[in-house]
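Undergrad:
Numbering (full-length UniProt numbering), first residue to last: 1 to 876.
1) Considering only their Cβ atoms, is the gap separating residue 147 from residue 263 smaller than 8 Å?
2) Alpha carbon to alpha carbon, how far is residue 526 from residue 199? Give it in angstroms, no decimals.
3) Check whether the region 197-216 and the region 225-234 touch, using three or more Cβ-Cβ pairs below 8 Å as the test.
4) Leaving out the 5 sequence neighbours to the left and right, which residues in its chain are closer than 6 Å to residue 288 when beta-carbon positions are compared?
5) Using the three-state DSSP reduction, which class does residue 257 fall into: helix, strand or coil?
6) Take residue 872 and list the residues in its own chain whose beta-carbon comes closer than 6 Å to its own, dropping the five residues that flank it on each side.
7) Ordered along the chain, which non-local residues of its own chain (more than five positions away) have a Cβ less than 7 Å from that of residue 123?
8) Which value, in whole angstroms, describes the spacing of the CA atoms of residue 241 and residue 218?
9) Per DSSP, what kind of secondary structure is residue 820 in: helix, strand or coil?
10) Just checking my contact of residue 269 with residue 630 at CB under 8 Å: how many whole Å lie between their CB atoms?
11) Going by the CB atoms, is the gap between residue 821 and residue 807 shorter than 8 Å?
12) Throw me the rounded Cβ distance for the residue 719 and residue 700 pair, which I believe falls under 8 Å.
13) Residue ranges of each beta strand (DSSP E) run of no fewer than 3 residues wholly in the UniProt domain "Zinc finger Sec23/Sec24-type" (203-241), ordered along the chain?
14) Compute the distance between the beta-carbons of residue 134 and residue 161, then report whether it is under 8 Å.
15) Have a look at residue 291 and residue 336 and give me their C-alpha separation to the nearest angstrom.
16) Please name the residue in 314, 455, 283 whose C-alpha comes closest to that of residue 491.
17) Using 10 angstroms around the beta-carbon of residue 712, count the other beta-carbons present and answer buried if the total reaches 16, otherwise exposed.
18) Can you find at least 3 beta carbon pairs, one from the region 536-543 and one from the region 558-578, that sit closer than 8 Å?
19) Which stretch, first to last residue, makes up the beta strand (DSSP E) that contains residue 727?
20) Is DSSP giving residue 373 helix, strand or coil here?
21) Enumerate in chain order the residues of its own chain whose CB-to-CB distance from residue 88 is below 7 Å, with the five nearest sequence positions on each side excluded.
22) In the DSSP assignment, the alpha helix (DSSP H) including residue 402 goes from what residue to what residue?
23) Below 7 Å CB to CB, which residues in the same chain sit around residue 850 once its five sequence neighbours on both sides are set aside?
24) Under 8 Å: do the region 472-492 and the region 783-803 share three or more Cβ pairs, one atom per stretch?
25) Pop quiz: residue 554 and residue 501 are said to be a contact at Cβ under 8 Å. What is the actual Cβ separation, rounded to whole angstroms?
26) How many Å lie between residue 590 and residue 813 at the Cα?
27) What's the C-alpha gap between residue 709 and residue 727?
28) Of the choices 405, 545, 439, whose alpha-carbon is the least far from that of residue 176?
29) On the criterion of 16 or more Cβ atoms from any shown chain inside 10 Å, does residue 876 qualify as buried, or is it exposed?
30) In whole angstroms, what separates the C-alpha of residue 230 from that of residue 171?
31) Out of 319, 326, 273, 320, state which residue places its alpha-carbon closest to the alpha-carbon of residue 313.
32) Give me the Cβ distance between residue 479 and residue 572, rounded to the nearest whole Å; I'm assuming they're in contact under 8 Å.
33) Using the rule of at least 16 other Cβ atoms within 10 Å of the residue's Cβ for burial, across every protein chain shown, is residue 552 buried or exposed?
34) How should residue 364 be labelled, buried or exposed, when 16 other C-beta atoms within 10 angstroms of its C-beta is the threshold for buried?
35) Would you be able to state if there are at least three C-beta pairs under 8 Å between the region 106-113 and the region 842-862?
36) Are the region 518-534 and the region 577-587 in contact at 8 Å, needing three or more beta carbon pairs?
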């Protein structure tokens, strides 16, 4: 087993040292010379440096106007090995500022690549969840998770794993106390199926706080009572649940009951846990609502959907992913343009029948029987319908559409069937017809990045928010698949997906031949992934703590219950907690996330995730056990909310202030005495300056010159429900060199730092962030490699607008396998954009080289580290 993270190095003094630190200490600066421009490098590192510390050699000034006293000017040039070949400026984007003579070597600055690789090397093959006061493996480390009474980090991940007893510590340091909860998370080495506990009579829970039975409860009086670890109240054990205790005070059946020995498990719910105390009458349903207007027909989306939906329905989710089980989910189909069309696909009919609702202002369901069917029983009817839809609407000339009434139609169909469900809405244009949900064009890109940007990023009208609320009450979530070629107001129509627990997929300038693979892959995964319906999440905590702020895609009508019409394996709810009182020293802090939901079979269940966290009276212990990726996930979601209440400038200033406050408190209270010229970072937070810098460059929080208003709104919706793994790669994209790969090695190669300094003209790279993927081809790439991948020897002959060809040679096959492996790690299918050096798309790719300077408000990593150091010195 690897040693505990954050053990003190030699020389720790007075118990204040919280573990390894990153200390940047250059000699004093030489003044009197003109500024040299933005730094391009960072030379620090000595073979004599002690573990966890950095001992910089003399390095150059790289910023103007009162830099912090961290860097000593040094004349001379980089050695030849430090002169990378730069991206050329032929693509028309701003080139990196001219390199000054005196450079800082970024390779010696804290690197996420190195942190990720070190964690993978140090983590064992199995992570046991009962290691209190120990950080779990990073989200980028793939290990088997063994439930030992604490929920695994794939389900619930905390920002701190040593919780301060005093609220003053959190208040002073500004380190947030929060958890990121992904109730249905799937893990690469786990099937995600949890054991089910069945209680003979009532479900056993605390009489006072209503916490459910979990491994942390203490049994008393020979097993006749138990004490709740959350509120300390004692509760009588029902006779039907009673069992004797062993000599250690544990129940003799502890290892036979999931709720007594596991951190994550499920409980079969009883009638009192159902709406109106009535058990679900039917299994949930999926309804596909398809835009059949002129644009949807012309771009090929309707034809593509009809050609593939029968195969997609073969992958409907089953209870606990049973492979041989027939799915219980029923399906239905609705089409719309200016009217709404229902379809009777009863298998007993000779052919499907269409029924039209012309008055879209007063939506109703014109049929009950035959609207929803099991695909296994009505396969011929579905096949016939999919053949007829393109024919019926192939000659349509309707360019204006509705949207809201079509969603209302799906919701009413589910209500009529008395079941929860999910709507898959395929849409192409802004709804401009005189109907509920009509929108007006407000596309004004000049407002992005200004104080007025929130006026175009907020919903234009309350209709879609109100519709989403109705959907939640009906147990109906909405997923939007938007294939637009102009402004559609994603900020407005996306609310119906956000609030109902759904998701938005966007395909700008959709064409079936180039975007069809991505659309079908997204739809297939969306249909197939594990999902729960009509869900309510309640988070309970130890006395002294209280959940206060919730972030994600959901609806709340009170301060405690998170309501989700549906929740799938990718959705994450991030919950921040505050103190009501001090926590007792020597005791643990407990968190229980209870999700009440309806399964795909229509069975009401409870899914429980329990987390026990060590408490501490030492600030240093807290800093040793901070989980940076989870902290940044919270910061991102808080930033989205702050954008709508403030402006981009206040968000940037707030992020910098919070980061500097956290790091200044570590320096002041936990690090050993040192020169004020040093920048000292806690080991587990040494990447905070980089990640905060990345936040201020992300599409969701900052946007970019290439983004439209719809692009920005879409990015914000994506980030709002991301789990920790997704937000990590979204903030710091992965850059992989692919020209020298060994075709016999199936592993994903080690990443390269995302900076222009690492790009070589004779290399090709994959760059991805979980949403976008690029294949960048340098102009001097090996002709043999080029021919094996593209079938041409000259880079200029590559047809970049086409998809990547699959050729009959090991290199081509291996590259395709690598791309498939990367896509398989992500929640969305990433279209591969082929970018040749000098092409116009190079400017877009450049926005993902996140360590580089992009604008005056988006500094390079080196510049931002200098800025943060100045802020920290001002706070000490």
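Every residue gets a Cβ at the ideal spot worked out from N, C-alpha and C, and that includes glycine. Here the structure is a predicted model, which is why all the values come from computation and not from measurement.
TA: In terms of the structure at hand:
1) yes
2) 33 Å
3) yes
4) 333, 424
5) coil
6) 660, 663, 664
7) 2, 137, 141, 143
8) 15 Å
9) helix
10) No, residue 269 and residue 630 are not in contact; Cβ-Cβ is about 30 Å, not under 8 Å.
11) no
12) 4 Å
13) 218-220, 225-227, 234-236
14) yes
15) 5 Å
16) 455
17) buried
18) yes
19) Taken as a continuous stretch (DSSP letters only), residue 727 belongs to no beta strand (DSSP E), being part of the alpha helix (DSSP H) at 724-731.
20) strand
21) Model confidence at residue 88 stands at a pLDDT of 40, short of 50, so the residue's coordinates are unreliable; what they give is reported in the following sentence. Excluding sequence neighbours, residue 88 sits near 837, 838.
22) Where residue 402 is concerned, there is no enclosing alpha helix (DSSP H), given that its DSSP letter is neither H nor E.
23) 694, 697, 732, 733, 754
24) no
25) 6 Å
26) 49 Å
27) 21 Å
28) 545
29) exposed
30) 23 Å
31) 326
32) Not confirmed; about 16 Å, so no contact.
33) buried
34) exposed
35) yes
36) no
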